[in-house]
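Visitor: Below is the structure I would like to discuss, written out as structure tokens.
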Amino acid sequence: MKNELTILFPSIQILSEYPTKLEEEVYIFHNPYLNNWLQINKSEVSRREYSLLASLYSEVSLDLSTNQTVSMKWLNFLRGDGLAPIKTETDIRVIQIHFKKNVHEADLEEAVHVFFGDAMQFVFVSSQNALLIEEKSSYVQTTEDFASFIAALESDFFIKAKLYIGKFHQTNMLFSVHFSTEKEWFQKGISANHAERIYTLENIFPFNLIEQMSEEMKHIIRKEILNPIEYDMELLQTVHQFFENGFNASVTAKKLHIHRNTFHYRLTKFQDITGISVRSFDGALIAYCASLIANNR
3 MKNELTILFP SIQILSEYPT KLEEEVYIFH NPYLNNWLQI NKSEVSRREY
53 SLLASLYSEV SLDLSTNQTV SMKWLNFLRG DGLAPIKTET DIRVIQIHFK
103 KNVHEADLEE AVHVFFGDAM QFVFVSSQNA LLIEEKSSYV QTTEDFASFI
153 AALESDFFIK AKLYIGKFHQ TNMLFSVHFS TEKEWFQKGI SANHAERIYT
203 LENIFPFNLI EQMSEEMKHI IRKEILNPIE YDMELLQTVH QFFENGFNAS
253 VTAKKLHIHR NTFHYRLTKF QDITGISVRS FDGALIAYCA SLIANNR
């Protein structure tokens, strides 16, 4: 596809980041399928070709006079190309939002303002991505707050979203590196765990750990756990939830929609077959790793 576009438009550039510096002589279109941007010299685009491009992609058409708005300054800062539009050495965190379908900036801005008021700086990145920037204060938004926000987006605005809650860091020269890492982790989280709605360092770390685990270690887990239980996903889901819910039997049974007796039966069955008790942290940890390996099979 890129080669075909290059033949038609020799000046075309494929951008992986949201373009923050626009020029009068170029068109920029957002490709929501690959989440990249196409930059093409206007002199190479006929009316017919423009109509075709506009029907396939969303044109980025910001007024040049607004390039240095607060949002643009934040985007430049996060790319490592400028200062943050906030007091230096302030603790902030970035909440990344990804939408299943294209959304309108005005709808999102309204939703953020209704839900968070002035507690968040809203930055629209593309029709499928946005950022919320939170300054550390006496009240820090909780995971439950963000879960409610996602629910409100879906019920009131019919927008389905996933988000990554970043960690607080100072607005210094190293923040762009920190943000780049969080972007990578968000993508890994979406790829590894499609069902999750809210991602954090804590719930993505185990998947990253399994990804970097040696094949020898994975072989041992398959040999000692997965093969003996014949990849019984019911058992694996049970030990997985038991670990994630802090070894709380009642909460785990409730989330699995099973009776507590059924829950205890499954744990006993797992121990009888593998010789591993998931009621101890060491046993639960290796069982949890086994469930992650099985899910990524």
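Take 3 as the starting number for the sequence shown in my numbering and just add one per residue. Yeah, the Cβ is synthetic: ideal placement off N, Cα and C, and Gly gets one too. All values derive from a computational prediction rather than experimental measurement.
Compute the Euclidean distance between the alpha carbons of Glu-51 and Ile-16, then round it to the nearest angstrom.
Guide: As a first step, residue 51 is located in the sequence shown; it is residue number 49 there, counting from the start. As a first step, residue 16 is located in the sequence shown; it is residue number 14 there, counting from the start. Cα-Cα distance, rounded: 17 Å.
Visitor: Checking 8 Å against the spacing of the C-beta atoms, do Asn-247 and Val-253 come in under that value?
Guide: Taking the first residue of the sequence shown as 1, we reach residue 247 at position 245. Taking the first residue of the sequence shown as 1, we reach residue 253 at position 251. Closer than 8 Å, so yes.
Visitor: Buried or exposed, going by whether 16 or more other CB atoms sit within 10 Å of the CB of Val-280?
Guide: Stepping through the sequence shown from its first residue, residue 280 is reached at position 278. The residue is buried, with at least 16 neighbouring Cβ atoms inside 10 Å.
Visitor: Just to confirm before moving on: does the CB-CB distance between Ile-288 and Ile-223 stay below 8 Å?
Guide: As a working mapping, residue 288 is identified with position 286 in the sequence shown. As a working mapping, residue 223 is identified with position 221 in the sequence shown. Yes. Within cutoff.
Visitor: Assess, as a yes-or-no matter, whether the segment 73 to 91 is touched by the segment 158 to 171 under the definition of 3 or more beta carbon pairs within less than 8 Å.
Guide: no
Visitor: Smallest Cα separation from Leu-7: which of Asn-43, Glu-27, Glu-25 and Trp-76?
Guide: Mapped onto the sequence shown, residue 7 falls at position 5. When only C-alpha atoms are compared, the closest one is Asn-43.
Visitor: Can you tell me whether Ile-30 is buried or exposed? The criterion is at least 16 other CB atoms within 10 Å of its CB, across all chains shown.
Guide: One-based indexing of the sequence shown puts residue 30 at position 28. The residue in question, Ile-30, is buried, as its Cβ has 16 or more Cβ neighbours within 10 Å.
Visitor: Does DSSP classify Leu-176 as helix, strand or coil?
Guide: For the purposes of this step, residue 176 is identified with residue 174 of the sequence shown, where counting begins at 1. Coil.
Visitor: Could you tell me whether the segment 97 to 109 touches the segment 142 to 161, where touching means 3 or more Cβ pairs closer than 8 Å?
Guide: yes
Visitor: If you draw a straight line from the alpha carbon of Asp-93 to that of Ala-154, how long is it in whole angstroms?
Guide: Within the sequence shown, the letter at position 91 stands for residue 93. Within the sequence shown, the letter at position 152 stands for residue 154. Computed Cα separation, rounded: 27 Å.
Visitor: Can you name, in chain order, every residue of its own chain whose Cβ lies under 7 Å from the Cβ of Gly-84, other than the five neighbours on each side?
Guide: Residue mapping note: residue 84 aligns to position 82 of the sequence shown, counting from 1. Lys-75 and Asn-78.
Visitor: Give the straight-line distance between the Cα atoms of Phe-244 and Ala-251, rounded to the nearest whole angstrom.
Guide: If you number the sequence shown from 1, residue 244 lands on position 242. If you number the sequence shown from 1, residue 251 lands on position 249. It is roughly 7 Å from the alpha-carbon of Phe-244 to the alpha-carbon of Ala-251.
Visitor: So is Leu-176 buried or exposed if we call it buried at 16+ other beta carbons inside 10 Å?
Guide: Walking along the sequence shown from the start, residue 176 turns up at place 174. Exposed.
Visitor: Output the boundary residues of the beta strand (DSSP E) element that contains Asn-33.
Guide: Counted from its first residue, the sequence shown places residue 33 at position 31. Its beta strand (DSSP E) spans residues 28 to 33.
Visitor: With 16 other CB atoms within 10 Å as the buried threshold, where does Ser-182 fall?
Guide: As a first step, residue 182 must be located in the sequence shown, where it is residue number 180. Exposed.
Visitor: With distances taken between CB atoms, is the gap from Arg-262 to Ser-178 smaller than 8 Å?
Guide: Position 260 of the sequence shown, counted from the start, is the residue given in the question as residue 262. Position 176 of the sequence shown, counted from the start, is the residue given in the question as residue 178. No, the pair does not count as a contact, with Cβ atoms beyond the cut-off.
Visitor: With a threshold of 6 Å on Cβ separation, who are the neighbours of Leu-237 within its own chain once the five nearest residues in sequence on each side are excluded?
Guide: Sequence index remark: in the sequence shown, residue 237 carries index 235 (1-based). Within the same chain, Leu-237 has close Cβ partners Ile-231, Arg-268 and Phe-272.
Visitor: Look at the alpha carbon of Ile-135 and the alpha carbon of Val-96, and state the distance between them as a whole number of angstroms.
Guide: What you label residue 135 is simply residue 133 of the sequence shown in a count that begins at 1. What you label residue 96 is simply residue 94 of the sequence shown in a count that begins at 1. Their Cα atoms are separated by approximately 5 Å.
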